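In the working numbering, the protein residues as written are 128 to 608.
C-beta atoms are modelled at their ideal positions from N, C-alpha and C, and glycine is treated no differently.
These figures come from a predicted structure and were not determined experimentally.
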């Protein structure tokens, strides 16, 4: 099998014949290869030109300053390609060179991620016949060219990990601005600013990325058309006198914040609410703080649960709730005064909404707003793009009947993370996910935030699992239609 390499030199794509290169080589000297006629700013055009010039075999993409590590790298890559005839995209580990120190970077194996934020490493190869057979990458959406490649190669056994490091890569220069933002945000996941990096994406990048993703959904027959017209059932609603809305908060060791959350509910412009706080076995003074508020306000209720599983606590709260609507509030966050007024009014005015979701602002540990991030609106949300992005906003105020209809929050597979995202996906497949265009939530960022303390691989894995379940459901829905 032929192996062809390509890289860039002085901004131009250059094709390299791997057979004529020495076993260990630093790329690139233009004498090594053939300069191609392609727009260096358009990665899709460059890769397409390289694939056409290669003709067949494997095409390996290398950053300009890459250095191969040993004489075995070529045969290791080709051997994996021969052993995996269904594979079309091959990726591997690499060494990162920083201040004369080498550190092995292990690229985790593919678990089916369909977002643009996954890390595949800087060195990867594609099967040339496959790429040319597709007609290449979409040059119209060239700002999302690599993402287009990933989604076109998505599927069982098509993306293959190559064992062992393939190359030595110089460490990239740190983006001080992005690092400073990420330090404040504590956003989970990969990407320039972590899992929520799409919130700060250039509009043209976002447009190209969305186009590539929508094309993928249509190819996979999981694209959902039209407005949802179903209306939530009223059969599970309890008889009056009952509050209009029940606020539910799972809590674990948040004694220093839970009082602020309670006061933000007590300060609402409507009084027709109850507040259920489900404690997950706190070892600090959380329960004592809640009891002190409950003693003065009968609408505040403490439910003691000694199992620290968020989805379980949410379900306990939903089952105990008496309200027509369920509104979520995390134990270290706060509502604004008109939150429940805005959220319930939206649900009352739109019978086909299964859940209402609004805008939020960020604050630091002490409650000071972080205006440099602006208002987080998640305007990129729609029932299709939600499969790519990680959220739709906050707070989430549900028809209680909708939560019960879908079996509650997933305790078995998503008990500790992603349970609310999963339920939004399910809801949007049948009902409208309503948008309340008001700031209704204050999201506190601090070092003990669950976005920081939970294992990042678990968080990415849970979101991916929720998406995979959604893809299967959507295929069935479209097959029926």
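Taking 8 angstroms as the cut-off, does the segment 336-344 touch the segment 503-514 (at least 3 CB pairs, one atom from each stretch)? yes
Using 8 angstroms as the threshold, is the segment 248-258 in touch with the segment 217-237, meaning 3 or more CB pairs across them? yes
Given this structure, state the Cα-to-Cα distance separating residue 383 from residue 445, to the nearest angstrom. Here residue 383 corresponds to residue number 256 of the chain shown, with the count starting at 1. Here residue 445 corresponds to residue number 318 of the chain shown, with the count starting at 1. Roughly 25 angstroms separates the two Cα atoms.
Hey, which unbroken runs of the alpha helix (DSSP H) at 4 residues or more fall wholly within the segment 193-251? 200-210
Considering only DSSP beta bridges, list what residue 266 is partnered with. In the chain shown, counting from the first residue as 1, residue 266 sits at position 139. Paired residues: none, contrary to the question.
Length at least 4, wholly inside the segment 537-567: the alpha helix (DSSP H) runs in chain order: 546-555
In the DSSP assignment, find the alpha helix (DSSP H) that holds residue 173 and state where it starts and stops. In the chain shown, counting from the first residue as 1, residue 173 sits at position 46. Residue 173 -> alpha helix (DSSP H) spans 170-181.
Measuring only the C-alpha atoms, how far is residue 476 from residue 525? Against the chain shown, residue 476 aligns to sequence position 349. Against the chain shown, residue 525 aligns to sequence position 398. Straight-line Cα distance between these residues: approximately 14 angstroms.
From residue 288 to residue 351, what does the alpha carbon distance come to, in whole angstroms? Residue numbering aside, residue 288 sits at position 161 when the chain shown is read from its first letter. Residue numbering aside, residue 351 sits at position 224 when the chain shown is read from its first letter. Taking the straight line joining both Cα atoms gives about 32 angstroms.
According to DSSP, simplified to helix, strand and coil, what is residue 601? As a first step, residue 601 is located in the chain shown; it is residue number 474 there, counting from the start. The answer is helix: DSSP assigns residue 601 an H, G or I state.
Residues bridged to residue 526 [DSSP beta-bridge criterion]: Working through the chain shown from its first residue, we reach residue 526 at position 399. Residue 526 is bridged to 452.
Between the Cα of residue 203 and the Cα atoms of 292, 286, 275 and 273, which residue gives the shortest distance? Sequence index remark: in the chain shown, residue 203 carries index 76 (1-based). Nearest of 292, 286, 275 and 273 to residue 203, Cα basis: 292.
Stretch-stretch touch, CB-based, cutoff 8 angstroms, three pairs: the segment 536-545 with the segment 455-469: no
Distance CB(residue 566)-CB(residue 486) smaller than 8 angstroms: One-based indexing of the chain shown puts residue 566 at position 439. One-based indexing of the chain shown puts residue 486 at position 359. Cβ distance < 8 angstroms, so residue 566 and residue 486 count as in contact.
With 16 other Cβ atoms within 10 Å as the buried cut-off, status of residue 267: Within the chain shown, numbered from 1, the residue matching residue 267 stands at position 140. Flag for residue 267 reads exposed.
Which residue wins for smallest C-alpha separation from residue 270, given the options 517, 392 and 335? The residue given as residue 270 occupies position 143 in the chain shown. Looking at the Cα atoms, 335 is the closest of the given residues.
Assigned secondary structure, residue 406 (DSSP; H/G/I helix, E/B strand, else coil): As a first step, residue 406 must be located in the chain shown, where it is residue number 279. Residue 406 falls in the strand class under three-state DSSP.
Just reading off the alpha helix (DSSP H) that residue 377 is part of, what are its end residues? Counting from one through the chain shown, the residue named residue 377 turns up at place 250. Looking at the DSSP string, residue 377 is not in any alpha helix (DSSP H); the run it does join, the beta strand (DSSP E), is 372-378.
Between which two residues does the beta strand (DSSP E) carrying residue 139 extend? By one-based count along the chain shown, residue 139 stands at place 12. Start and end: 139-144.
Within 8 angstroms, do at least three Cβ pairs link the segment 222-239 to the segment 258-265? no
Specify the secondary structure class of residue 312 as computed by DSSP and reduced to three states. Numbered from 1 along the chain shown, position 185 holds the residue referred to as residue 312. Since pLDDT at residue 312 reaches only 49, below the 50 mark, its modelled position is unreliable, and no value is offered.
Collapsed DSSP secondary structure at residue 470 in the structure displayed: Here residue 470 refers to the residue found at position 343 of the chain shown. In this structure, residue 470 counts as helix in the three-state DSSP scheme.
Between 573, 184, 236 and 429, which lies nearest to residue 495 when the distance is taken from Cα to Cα? Residue mapping note: residue 495 aligns to position 368 of the chain shown, counting from 1. Residue 573 is the option with its Cα nearest to residue 495.
Where does the unbroken beta strand (DSSP E) through residue 327 begin, and where does it stop? Translated into positions along the chain shown, residue 327 becomes position 200. Neither: residue 327 is in no beta strand (DSSP E) and is coded neither H nor E.
Proximity winner among 389, 426 and 193, relative to residue 400 (alpha-carbon distances): Against the chain shown, residue 400 aligns to sequence position 273. Out of 389, 426 and 193, 426 has the C-alpha closest to the C-alpha of residue 400.
Beta-carbon proximity check, residue 408 vs residue 527, cutoff 8 angstroms: Here the question's residue 408 lines up with position 281 in the chain shown. Here the question's residue 527 lines up with position 400 in the chain shown. Not in contact: residue 408 and residue 527 (Cβ atoms no closer than 8 angstroms).
If you reduce the DSSP assignment to three classes, tell me which class residue 445 lands in. On the chain shown, position 318 is the one that residue 445 refers to. Helix.
Bridge-paired residues (DSSP) for residue 496: Indexing the chain shown from 1 puts residue 496 at position 369. Note: residue 496 sits in a beta bridge opposite 490.
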